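Colleague:
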Amino acid sequence: MKFETRCVHTGVEKDSAYNSCITPIYPTSTFYWDDLTTNRGYDYTRSGNPTRRGLEENLAALEGGVDCRAVCTGMAAITASMFLFKPGDHIIAGNDIYGGTYRLFSDVFTNQGYKFSFVNMRDPAQVEAAITPETKAIWIETPSNPLLNIVDIEAVTKIAHANNLISIADNTFLSPYLQRPLEKGVDIVIHSTTKYLNGHSDVVGGAVITKKEDHQERVSYIVNAMGLGCSPFDAWLVLRGVKTLGPRMEAHQRGAMALARMLDEHPKVQKVYYPGLESHPQHELAKSQQDGFGAMLSFDVAEDRAFAEKVFKNLKLFQLAESLGGVESLIEYPETMSHASMTAEARREAGISDRTIRVSVGIESPEDLVADMRNALDA
Ligand SMILES: Cc1ncc(COP(=O)(O)O)c(C=O)c1O
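Position 262, counted from 1, in the sequence shown is what full-length UniProt numbering calls 262; the numbers after and before it change by one each time, with no gaps.
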């Protein structure tokens, strides 16, 4: 089946009792047994649930993995993947990753004895140089949040394979419609399904998709043992959202490209970060490993923070809110919002300034979005 068909059909047929066309929600904590040794495949919802299973089958098929575990948030997915490692292990990550991931690594897991190096992942040589005898994994986030830097997935996974390291990619920003890291040599993909996979800003969720049986077995064990699985209702919402992933991503991208082109020429904008622009330094790399450029973009205003604040106030269609990937356009200020959990020093090191604004372009008319943003900048 082609991608869009898998979005609609995989993991959906779960109702043998009444033939409902849509996967039912099984809001049960437990399942009764037919006798002391026989159940119908499920015994307790923390360990497994038919609605959640539907979503897991769907997402595994979209990413090209052997299996998936659907969990309660994107951070839970990242946490589950981190429990493949132990104190003393060293992991290499980009220095411009999502602020929450940075906090989890640099604070929570560092306090547990894990070691991290945050490097400029645009340069695979820096990844190679950071490898120590304790290194066990490379964490890839591409495009990165919020500056849309691109990591060369094949170059980095080549380094991982040569050094016997596990590679894990956060594919939240593009979704499997636009990028499938497992096909490029990555071992494990994680998602915040809160974003494009659900697509409607009405649920938080996450997923861990694995390609190798041993990773799959361990991730399943961890998700059950730690109790990270998502609720049947949340799984159902994401499964509903994912059916329209393809058409939504196409609409998202149309708006993003129109907005990026306008911003690129606007005198009040100093710099636009969008890999779809030919002027983006990694445009060719993005083109070679992605099936599109997505709908996240950032820009630096030409003036100070007060001007940025004025822009937020003048916008009518873009809501000032964190998160991304929903049908409505959102705008946010990494300095005090999505990346506030990084130190100011770490933000500057990553290239995030107090002039940086991040936009999640929704599926509204590109014409309306461009007009709204132009008005806010001109006002
Ligand atoms: C790239 C990326 N990964 C992971 C997460 C965490 O996901 P969640 O908020 O669902 O826990 C986010 C949240 O914004 C994100 O942007």
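All C-beta atoms, glycine included, are put in the ideal place defined by N, C-alpha and C.
It should be emphasised that the depicted structure is a prediction, and the values quoted were computed from it without experimental measurement.
Take Ala258 and list the residues in its own chain whose beta-carbon comes closer than 6 Å to its own, dropping the five residues that flank it on each side.
Modeller: Within the same chain, Ala258 has close Cβ partners Pro366 and Val370.
Colleague: In whole angstroms, what is the alpha-carbon distance linking Ile138 and Glu217?
Modeller: Approximately 20 Å, taken between the alpha carbons.
Colleague: So what does Leu320 bridge to, in DSSP terms?
Modeller: For Leu320, which the question treats as bridged, DSSP gives the partners Ile331.
Colleague: What is the DSSP secondary structure of Ile97, counted as helix, strand or coil?
Modeller: Of the three classes helix, strand and coil, the one that applies to Ile97 here is coil, per DSSP.
Colleague: Look up Ser192 in the DSSP assignment and say whether it is helix, strand or coil.
Modeller: It is a strand residue.
Colleague: May I ask which residues mark the beginning and end of the beta strand (DSSP E) holding Glu63?
Modeller: Where Glu63 is concerned, there is no enclosing beta strand (DSSP E), although the alpha helix (DSSP H) it sits in stretches over Pro50 to Glu63.
Colleague: Quick one: Cα of Val311 to Cα of Leu317, how far?
Modeller: Taking the straight line joining both Cα atoms gives about 12 Å.
Colleague: Ligand 3 and Thr336: does the residue's C-beta get closer than 8 Å to at least one heavy atom of that ligand?
Modeller: Ligands present in the displayed structure are limited to ligand 1, and ligand 3 is not among them.
Colleague: Taking Arg103 as the reference, which of Glu364, Glu332, Ala344 and Thr356 has the closest Cα?
Modeller: When only C-alpha atoms are compared, the closest one is Ala344.
Colleague: At the 9 Å Cβ level, is Pro87 part of the contact set with chain C, yes or no?
Modeller: This model lacks chain C altogether; it includes just one protein chain.
Colleague: Since Trp236 is in the beta strand (DSSP E), which residue starts that stretch and which ends it?
Modeller: That residue, Trp236, is in no beta strand (DSSP E); its alpha helix (DSSP H) goes Pro232 to Val242.
Colleague: Per the DSSP calculation, Arg355 is bridged to which residue(s)?
Modeller: In DSSP, Arg355 forms no bridge with anything.
Colleague: On a CA-only basis, which of Ala155, Glu332, Ala61 and Ala286 is nearest Val359? Give me that one, please.
Modeller: Per the Cα distances, Glu332.
Colleague: Reducing DSSP to helix, strand and coil, say where Met296 ends up.
Modeller: DSSP places Met296 in strand when its eight states are reduced to three.
Colleague: Pull the bridge partners of Ser167 from the DSSP assignment, please.
Modeller: DSSP, once it has assigned bridges, lists Ile138 as partnering Ser167.
Colleague: Would DSSP call Thr172 helix, strand or coil?
Modeller: Three-state DSSP puts Thr172 in coil, outside helix and strand.
Colleague: For Ala130 and Arg348, what's the separation of their Cα atoms in angstroms?
Modeller: Cα to Cα, Ala130 sits roughly 21 Å from Arg348.
Colleague: Return the CA-CA distance between Ala346 and Glu128, expressed in angstroms with no decimal places.
Modeller: Going from the Cα of Ala346 to the Cα of Glu128 covers about 21 Å.
Colleague: Suppose the cutoff is 7 Å on Cβ atoms and the five residues either side in sequence are ignored; what does the same chain contact list for Cys7 look like?
Modeller: Closer than 7 Å at Cβ, skipping near neighbours: Leu62, Val242, Lys243, Leu245 and Gly246.
Colleague: Once the 5 residues before and after Leu324 are set aside, which same chain residues still bring their CB inside 7 Å of it?
Modeller: So the qualifying residues of the chain are Lys195, Met296, Leu330 and Ser360.
Colleague: Determine, using beta-carbon pairs with one atom in the stretch 140-156 and one in the stretch 173-187, whether at least three such pairs fall under 8 Å.
Modeller: Contact holds: three or more Cβ-Cβ distances are below 8 Å.
Colleague: Can you tell me the Cβ-Cβ gap for Gly294 and Arg248, rounded? I've got them flagged as a contact below 8 Å.
Modeller: Not really, about 12 Å apart at Cβ, beyond 8 Å.
Colleague: Ser29: buried (16+ other C-beta within 10 angstroms of its C-beta) or exposed?
Modeller: Per the 10 Å Cβ criterion, exposed.
Colleague: Does ligand 1 have even one heavy atom less than 8 Å from the beta-carbon of Gly206?
Modeller: At least one heavy atom of ligand 1 is nearer than 8 Å to the Cβ of Gly206, so yes.
Colleague: If Val238 and Thr210 are in contact, beta carbons under 8 Å, what's the gap, nearest whole angstrom?
Modeller: Incorrect: roughly 18 Å between the Cβ atoms, too far for contact.
Colleague: By Cβ distance below 7 Å, which residues in the same chain neighbour Gln253 in space, the five residues on each side in sequence not counted?
Modeller: Cβ neighbours of Gln253 beyond the five flanking positions: Gly292, Phe293, Gly294 and Ala295.
Colleague: Can you give the beta carbon distance from Pro124 to Ala93, rounded, assuming they're within the 8 Å contact cut?
Modeller: So it is not a contact: roughly 14 Å between Cβ atoms.
Colleague: Can you round the beta-carbon distance between Leu377 and Lys268 to whole angstroms, since I take them to be within the 8 Å contact cut?
Modeller: Rounded, the Cβ-Cβ distance is 5 Å, consistent with contact.
Colleague: Examine ligand 1 and report whether any of its heavy atoms sits within less than 8 Å of the Cβ of Leu324.
Modeller: The answer is yes for Leu324.
Colleague: Would His215 and Arg374 qualify as a contact pair, given that the criterion is a beta-carbon distance under 9 Å?
Modeller: It is not a contact, given that the beta carbons lie outside the stated cut-off.
Colleague: Where does His252 sit, in a helix, a strand or coil, going by DSSP?
Modeller: Helix.
Colleague: Check whether the Cβ atoms of Ala70 and Gly205 lie closer than 9 Å to each other.
Modeller: Yes. Within cutoff.
Colleague: Can you give me the Cβ contacts of Ser220 inside the same chain, cut-off strictly under 8 Å, excluding the 5 residues immediately before and after it?
Modeller: Same-chain partners within the cutoff: Asp67 and Arg69.
Colleague: Verify whether the separation of the beta carbon atoms of Trp236 and Thr23 is less than 9 Å.
Modeller: It is a contact, given that the beta carbons lie within the stated cut-off.
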